[in-house]
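Take a look at the structure below.
As structure tokens, then:
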């Protein structure tokens with residue numbers, strides 16, 4: 034067994050009641066299936082445990098990283114030192130608040146939230162059914178698909194600061210815009226969100242969800258590890274079309290490549306490294322700029 038680092042020993046002593054994993058491979062927790070070991074990965078089960086983790090990271094002078102489902106993250110090959118807090122399947126739970134409102138915890142997947150709403154006969158989250166990330170991650174980046182966005186249905190968000198204090202932010206205070214929220218400039222962590230939805234027929238809602246899943250399956254490379262759309266939609270065009278026009282569909286660096294099925298996706302063809310993916314994204318952005326004068330920016334969060 035590998036000898037524990039001083040940080041690992043101190044963390045284990047301070048957090049002996051919490052679920053901790055040492056040298057946990059990030060590749061197990063990212064949809065790209067890429068990433069070295071996290072020195073300590075923690076899985077809080079509630080707000081109290083999350084607050085304890087934040088308190089401990091402050092005591093150890095360690096700025097912790099927050100991970101949801103890892104579906105929009107490229108983790109480094111060399112791993113991460115310090116503490117990674119994983120909220121997927123940790124902060125969970127959903128409840129109906131009124132005829133049209135539901136509350137969903139940050140660790141619940143977007144797909145589960147959409148199904149929960151549909152079963153209640155509430156419309157508005159259909160677009161989220163095929164999004165693999167968590168509600169926390171979706172709130173953070175204002176996730177969207179097929180004309181729908183979190184900002185359209187999210188009424189307010191409960192967040193926790195790095196001192197363990199919680200507060201509610203309204204939709205306006207979240208400052209949602211395309212793939213952006215106010216949380217990107219803050220250290221706050223999403224605890225849960227409340228959604229204001231519209232009554233509808235459950236069967237009609239589920240039929241719409243099935244239709245969108247069909248479109249996604251037909252057009253996207255769901256059989257290969259990826260982090261969803263590789264680039265943000267640029268002004269004046271679409272990333273996939275610009276990449277295709279530059280002749281880059283199928284282009285690869287090492288074992289990372291631009292999908293043959295959808296040029297907007299960077300995929301792991303088997304054994305790709307973070308370096309492969311970063312070089313791929315940089316090269317594609319440069320070539321598209323040479324071809325079109327439009328600079329593509331990664332939508333993937335590069336850690």
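Numbering (this note's numbering), first residue to last: 34 to 336.
All residues carry an ideal CB built from backbone N, CA and C; glycine is no exception.
These figures come from a predicted structure and were not determined experimentally.
CA-CA distance, residue 52 to residue 156, rounds to 36 Å.
In the DSSP secondary-structure assignment, residue 225 is bridged to 138 and 191.
The continuous stretches of alpha helix (DSSP H) do not include residue 184, and DSSP gives it neither H nor E. The region 226–243 makes contact with the region 153–167: 3 or more CB pairs, one atom from each, lie closer than 8 Å. With three or more CB-CB distances shorter than 8 Å, the region 106–117 counts as touching the region 66–84. Nearest in C-alpha terms to residue 132, of all of 144, 152 and 94, is 152. Sixteen is the threshold: when 16 or more other Cβ atoms of the shown chains lie within 10 Å of the Cβ of residue 105, as they do, the residue is buried. The way I'd put it, the region 252–272 does touch the region 320–334; three or more beta-carbon pairs between them come closer than 8 Å.
Residue 161 and residue 321 have their C-alpha atoms roughly 30 Å apart.
The three-state reading of DSSP puts residue 107 in strand, counting E and B together. If you draw a 10 Å sphere on the C-beta of residue 301, you find 16 or more other C-beta atoms in it, and that means buried. The beta carbon of residue 259 lies closer than 8 Å to those of 64, 65, 292, 298, 299, 300 and 301 in the same chain, with the five residues before and after it left out.
Secondary structure remark: continuous beta strand (DSSP E) runs of at least 3 residues inside the region 213–278, in chain order: 222–229 and 259–262. Out of 101, 282 and 303, the CA that lies nearest to the CA of residue 314 is found in 282. Only buried fits residue 108, as 16 or more other CB atoms lie within 10 angstroms of its CB. Per the coordinates, the alpha-carbon of residue 125 lies some 17 Å from the alpha-carbon of residue 164. Out of 206, 295 and 220, the CA that lies nearest to the CA of residue 197 is found in 220.
Residue burial is scored here from C-beta neighbours: residue 183 has at least 16 other C-beta atoms within 10 angstroms and is therefore classed as buried.
Contact between the region 210–219 and the region 244–252 is not established, with fewer than three Cβ pairs separated by less than 8 Å.
Residue 69 and residue 237 have their alpha carbons spaced roughly 44 Å apart. The alpha-carbon separation between residue 180 and residue 94 amounts to approximately 42 Å. Residue 203 sits exposed, since fewer than 16 C-beta atoms from the chains shown fall within 10 Å of its C-beta. By the Cβ neighbour-count rule, residue 274 is exposed, with fewer than 16 other Cβ atoms within 10 Å of its own.
Per DSSP, reduced to three states, the secondary structure at residue 80 is helical. Using a Cβ distance threshold of 9 Å, residue 172 and residue 223 count as a contacting pair.
Scanning 168, 217 and 200 for the CA closest to the CA of residue 186 turns up 168. Here residue 207 is not near residue 80, since their CB atoms are 9 Å or more apart. Here residue 251 is exposed: its Cβ has fewer than 16 other Cβ atoms, across all protein chains shown, within 10 Å.
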